[in-house]
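K.L.:
Here full-length UniProt numbering is used: position 17 in the sequence shown is 17, and no number is missing along the way.
Heads up, the beta-carbon is just placed ideally off N, CA and C, and yes, glycines get one too.
Here it is: the structure, laid out below.
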Amino acid sequence: MHFFNKILQSLEKKEKKKCKAIRVSGQQLNQSPQSVSIQEGEDVYMNCNSSSTFNTSQWYKQDAGEGLVPLTNLYKAGELTRNGKLVAQFGGTRQDSFLNISASEPKDAGTYFCAGAQCSPGTCSLHSNLQVGPQPLCCLRILLLLA
1 MHFFNKILQS LEKKEKKKCK AIRVSGQQLN QSPQSVSIQE GEDVYMNCNS
51 SSTFNTSQWY KQDAGEGLVP LTNLYKAGEL TRNGKLVAQF GGTRQDSFLN
101 ISASEPKDAG TYFCAGAQCS PGTCSLHSNL QVGPQPLCCL RILLLLA
């Protein structure tokens, strides 16, 4: 999680209003939409795709002034997971991931991040001849409008 904080601090210093894809070692994640405003009760659909294949896909949420909170970890192509009103799926090609929030509430407002990794937990190890950088990371800011 340490590298996420560094990336977020860097973005905040640049005073970005929208998050853009961050390129790491030639890989890129694109998340759409980049920002969205919705009414309470509406569904939100997010997509994250990459030019590379990933072994795992993760989704995170960040509330203003808080750290990242993990929402999902997807390990298998086509894997679908449900957690309350959240539904996440890892695409069959392992190049995309989807997150859906149904019946949005004010507590759902925040910034959502997708991340991809090319190694599975427990199988990655650092070697002196291996350069390891942060996972590609992308985000979506959701602003919930109250009627």
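Does P106 come out as helix, strand or coil in the three-state DSSP assignment?
P.N.:
Along the sequence shown, one-based indexing puts residue 106 at 106. P106: helix per DSSP, three-state reduction.
K.L.:
Rounded C-beta distance between V102 and C48? I'm assuming under 8 Å.
P.N.:
Against the sequence shown, residue 102 aligns to sequence position 102. Against the sequence shown, residue 48 aligns to sequence position 48. Rather than Val, the amino acid found at residue 102 in this sequence is Ser. Incorrect: roughly 18 Å between the Cβ atoms, too far for contact.
K.L.:
Using CA coordinates, which residue listed in L74, A115, N30 and S104 is at the minimum distance from G84?
P.N.:
Residue numbering aside, residue 84 sits at position 84 when the sequence shown is read from its first letter. Looking at the Cα atoms, S104 is the closest of the given residues.
K.L.:
Run through DSSP, which three-state label would F54 get?
P.N.:
Walking along the sequence shown from the start, residue 54 turns up at place 54. Note: F54 maps to coil in three-state DSSP.
K.L.:
Can you tell me whether Y112 is buried or exposed? The criterion is at least 16 other CB atoms within 10 Å of its CB, across all chains shown.
P.N.:
Looking up residue 112 in the sequence shown gives position 112. The residue is buried, with at least 16 neighbouring Cβ atoms inside 10 Å.
K.L.:
Three or more C-beta pairs closer than 8 Å, one from the region 28 to 48 and one from the region 61 to 81: is that the case here?
P.N.:
No, they do not touch.
K.L.:
Tell me which residue opens and which closes the beta strand (DSSP E) that R82 is part of.
P.N.:
One-based indexing of the sequence shown puts residue 82 at position 82. L80 to N83 is the extent of the beta strand (DSSP E) around R82.
K.L.:
Just to check my reading of the structure: Q95 and S50 have Cβ atoms closer than 8 Å, yes? What is that Cβ distance to the nearest angstrom?
P.N.:
Numbered from 1 along the sequence shown, position 95 holds the residue referred to as residue 95. Numbered from 1 along the sequence shown, position 50 holds the residue referred to as residue 50. With a Cβ gap of about 5 Å, Q95 and S50 count as contacting.
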